[in-house]
Amino acid sequence: MNIAIEDHFHGDLNAHGFEVLLLCNKKHLFILNTLEILDLKNLIDQSFISMGLSAKTEAVIQ
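This is how it looks when you write it as structure tokens:
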């Protein structure tokens with residue numbers, strides 16, 4: 023969730039529009055473009071909501 027998506031739309035900060043993610047102690051490498059980053063953020067957000075770990079669900083319940 024720490025990926026700044028705004029940088030993908032600014033040519034000087036992210037000229038190619040890709041992010042490289044290293045997972046599991048650098049055993050897995052993902053190279054994602056802007057649309058894939060947005061999909062990943064949405065997937066993570068929806069997963070936390072469905073597990074009840076998101077602040078968004080608390081706002082809905084109250």
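Under the working numbering, the first residue of the sequence shown is numbered 23, with each subsequent residue one higher.
For every residue, glycine included, the Cβ atom is placed at its ideal position computed from N, Cα and C.
Quiz item: Under the rule that 16 or more other beta-carbon atoms within 10 Å means buried, what is Lys63, buried or exposed?
Solution: For the purposes of this step, residue 63 is taken as the residue at position 41 of the sequence shown. Result: exposed.
Quiz item: According to the neighbour-count rule (16 or more other Cβ atoms, all chains shown, within 10 Å of its Cβ), is Glu58 buried or exposed?
Solution: Translated into positions along the sequence shown, residue 58 becomes position 36. Glu58 comes out exposed.
Quiz item: Which same chain residues, not among the five before or five after Asn55, have their C-beta less than 7 Å away from its C-beta?
Solution: Here the question's residue 55 lines up with position 33 in the sequence shown. The answer, listed in chain order, is Gly39 and Phe40.
Quiz item: Using a Cβ-Cβ cut-off of 7 Å (strictly less than) and excluding sequence neighbours within five positions of Ile53, which residues of its own chain qualify?
Solution: Residue 53 sits at position 31 when you count from the first residue of the sequence shown. These residues qualify, in order along the chain: Phe40 and Val42.
Quiz item: What is the DSSP secondary structure of Ile53, counted as helix, strand or coil?
Solution: Here residue 53 corresponds to residue number 31 of the sequence shown, with the count starting at 1. In the structure shown, Ile53 adopts extended strand secondary structure according to DSSP, grouped into three states.
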